[in-house]
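Protein chains in written order, with the numbering used here: chain A, 10 to 365; chain B, 10 to 365. Glycine is no exception: its CB is placed at the ideal position from the N, C-alpha and C atoms. Keep in mind the model is a prediction, meaning the values are calculated, not measured. To start, the structure itself, in structure tokens.
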């Protein structure tokens, strides 16, 4: 039976991408070799890297003033690399605390400079996105998390500020257009919208680099990877290859405008069902609802187990909510089809008719 | 035509591993989902991690006093993580400079403590392994590189010392038995003997940790990953899976004793041909010859191009020597068969008959 994969991450990828990746694991590009055994310095893999970078630039509109890097270590490594590269001990940066990952970013940044938490929704279990806060004009940057996977909230409008924005886009990267010039640094672990686990996309404005006095290990200095074109050391070849295939698919679908439309339609379908269905309710402020991670609770605790059973029977997987919110979470990233969301809403409606 | 892959890394893996990896990229374990889209917290992937760790412990003999970690960032990240976790600013560590990678390890370590270069073969273009050197008894550790991929030298006997040994085994890990109790820390990028690029195996003695006064970012503290069982953040799922398959294959071949025998036989076949063949010569001290990377030069410069052509015609790939040595390099890691080495020696003999 076809499975509908609603996992929060690692997460669904386009079926065509997985098929092409499987073929390449046997024979890549007719080389008679697997993508798993070829040199990262082979002309065939250098072409993959070049295409991946070009796709990132084409989709985002990032010009040469940005470095486009394919690193490892996940967004968790960017939590410390960003301040390590951008802040001196006496410098200030502003952070918005919109979830557990944002809080981890704050904790790591405190080792490298003065961190001001400009706003937080922690007291409300991160059920909304903080807005209308004051920012120190002397701050070096403002750090935001564009989508909060655990809570199902998403930043739909950037705050007004002249500060360069450093943004963790791990869970909504390339799900909608990006106003690139607002950003000094964007980072995103691949394993939601971009590819499999094991590679992290980083886009950094070059003129922000080189202003810190601390000594940086070569691997932790963004400039090393800009200069080495993400090949200073052996990069994660296969994850980068699958990311390139995924970005090709995004471009072929029509790019970020098309993705945004597709994602809005899927999310509306699901939120409409949650709002109309007497058995379920949403968990976050309506205006901050995420188009990527849709969190909802059963109206009665006893609905939880039988609804999960009904989902399982219909081939819907990955719907258990994170322990800090409970209930259900449907992650509907780029590669999730409208049809799969429809299967979920059908199960929800059917469930309400049975128990209602 | 079948290709014989002599690449230095990323490098040949067992054909059965690549076939199983390709199947898992479509459907993993009959889940109806690809290994590329499943949660790292799924019970199916947790079983992969547990089996990978157990295989590492079974093969190496490492007990619970060692943490076994699957990290990202390559050996290049261990160059700074090792001293960052093991050395205070005023502490000393001894390093042996046996190649370009060892020299990079030295350079990175200097940011974290007092580094003594106990011995170096740099002046001889690293054509031998330094031996019989004095070590500061107060040093916290001795850093070695067990195999030098670029130059084709290998450490065949550990120096006599009571210091804990920190060893970069990237290019010969699990190619022969390991005298585990001599080591405080072993690290190895996967992409030679262990799997595809994108994961690094680290084995660290737990009692060496927690003695430094500097603040460590969570991701750079080995204790974080020991406590989190390499799942503090999303690990590189697919590279770890393929490493597990490769370790399973090593165990099924008979483990490290069987690997050592297999590797000695292949290397002897090739070195015997180099020594007997009038068209070629070895590049390093005989007693330090690597069983993994066999470097050799043409006796006359004009042999180079036609020999490479002959190799290509026979389906032998990845034989071009590193620019700092020149000539040819045959990397014959665990997964390389005796038959493929035989094809290479046949081409060498045939070449000598044609031009000799």
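Boundaries (first-last residue) of the alpha helix (DSSP H) holding residue 114(B): 109-118
Given 8 Å as the limit, is there contact between the stretch 288-307 of chain B and the stretch 165-184 of chain B, that is, 3 or more CB pairs closer than that? yes
Taking Cβ-Cβ distances shorter than 7 Å, what residues in chain A pair up with residue 200(B)? Chain-order list of chain A residues neighbouring residue 200(B): 243, by C-beta distance under 7 Å.
Alpha carbon to alpha carbon, how far is residue 86(A) from residue 218(A)? Roughly 17 Å between the two C-alpha positions.
Between the CA atoms of residue 337(A) and residue 159(A) - distance to the nearest angstrom: 11 Å
Taking 8 Å as the cut-off, decide whether the C-beta atoms of residue 16(A) and residue 46(B) are in contact. Taking 8 Å as the cut-off, the beta carbon of residue 16(A) is found closer than this to the beta carbon of residue 46(B).
Going along chain B, which residues have a C-beta under 7 Å from residue 349(A)? Those do not exist, as residue 349(A) stays about 13 Å from chain B at its closest Cβ, beyond 7 Å.
Do residue 316(B) and residue 360(B) have their beta-carbon atoms positioned less than 8 Å apart in this structure? With a cutoff of 8 Å on beta-carbon distance, residue 360(B) and residue 316(B) are scored as near each other.
According to DSSP, simplified to helix, strand and coil, what is residue 302(B)? strand
Any idea if residue 71(B) is buried or exposed, counting beta-carbon neighbours within 10 angstroms, 16 or more meaning buried? buried
Mind checking if residue 79(B) is an interface residue toward chain A, Cβ cutoff 8 Å exclusive? Not one chain A Cβ lies under 8 Å of residue 79(B).
Closer than 7 Å by C-beta to residue 137(B): which residues in its own chain qualify, once you throw out the five before and the five after it? Chain order, please. 130, 162, 293, 294, 297
Of the residues that make up the stretch 332-346 of chain A, which ones have a beta carbon closer than 8 Å to any beta carbon in chain B? none
When you compare the CB positions of residue 144(A) and residue 118(A), do they come within less than 8 Å of one another, or not? no
Just to check, is the beta-carbon of residue 317(A) closer than 7 Å to a non-hydrogen atom of the ligand FAD? This structure lacks the ligand FAD, and indeed carries no ligand of any kind.
Buried/exposed call for residue 348(B), threshold 16 Cβ in 10 Å: exposed
What in chain A is Cβ-close to residue 23(B), meaning under 7 Å? Correct list: empty, because the minimum Cβ distance to chain A is about 10 Å.
Anyone know if the C-beta pair for residue 102(B) and residue 92(B) falls short of 8 Å? yes
With 8 Å set as the bound, which would you pick, yes or no: does the beta-carbon of residue 247(B) sit closer than that to a beta-carbon of chain A? yes
Determine, using beta carbons only, whether residue 100(A) and residue 149(A) come nearer to each other than 8 Å. yes
In the DSSP assignment, find the alpha helix (DSSP H) that holds residue 337(B) and state where it starts and stops. No alpha helix (DSSP H) contains residue 337(B), which is instead part of the beta strand (DSSP E) from 337-340.
Could you check what DSSP says for residue 134(B) in three-state terms: helix, strand or coil? coil
Under 9 Å from the C-beta of residue 183(A): neighbouring residues of chain B: Correct list: empty, because the minimum Cβ distance to chain B is about 17 Å.
Limits of the unbroken alpha helix (DSSP H) element including residue 196(A): Element bounds for residue 196(A): not the alpha helix (DSSP H) but the beta strand (DSSP E), 192-198.
Residue 249(A) in three-state terms, based on DSSP: Three-state DSSP puts residue 249(A) in a helix.
Flag this pair as touching only if the stretch 221-229 of chain B and the stretch 271-280 of chain B have three or more C-beta atom pairs under 8 Å; answer yes or no. no
So with Cβ pairs under 8 Å, would you call residue 268(A) a contact of chain B? no
Between the CA atoms of residue 259(B) and residue 253(B) - distance to the nearest angstrom: Spanning the two alpha carbons is a distance of roughly 10 Å.
Under 8 Å, do residue 22(B) and residue 344(B) count as touching if we go by C-beta distance? yes
Report yes or no: is there a C-beta of chain A within less than 8 Å of the C-beta of residue 316(B)? no
Report the three-state DSSP secondary structure of residue 288(B) (helix, strand or coil). Reduced to three states, the DSSP call for residue 288(B) is coil.
Mind listing the chain B neighbours of residue 31(A)? Cutoff is C-beta to C-beta under 7 Å, in chain order. 31, 34, 35
With a threshold of 8 Å between beta-carbons, can residue 251(B) be considered close to chain A, or not? Look at residue 251(B): its C-beta is under 8 Å from a C-beta on chain A.
At least one CB of chain A closer than 8 Å to the CB of residue 15(B): is that the case? By this cut-off, residue 15(B) is not an interface position.
Kindly say whether residue 291(B), judged by its beta-carbon, lies nearer than 8 Å to any beta-carbon of chain A. Not an interface residue.
Any Cβ of chain B within less than 8 Å of the Cβ of residue 131(A)? no
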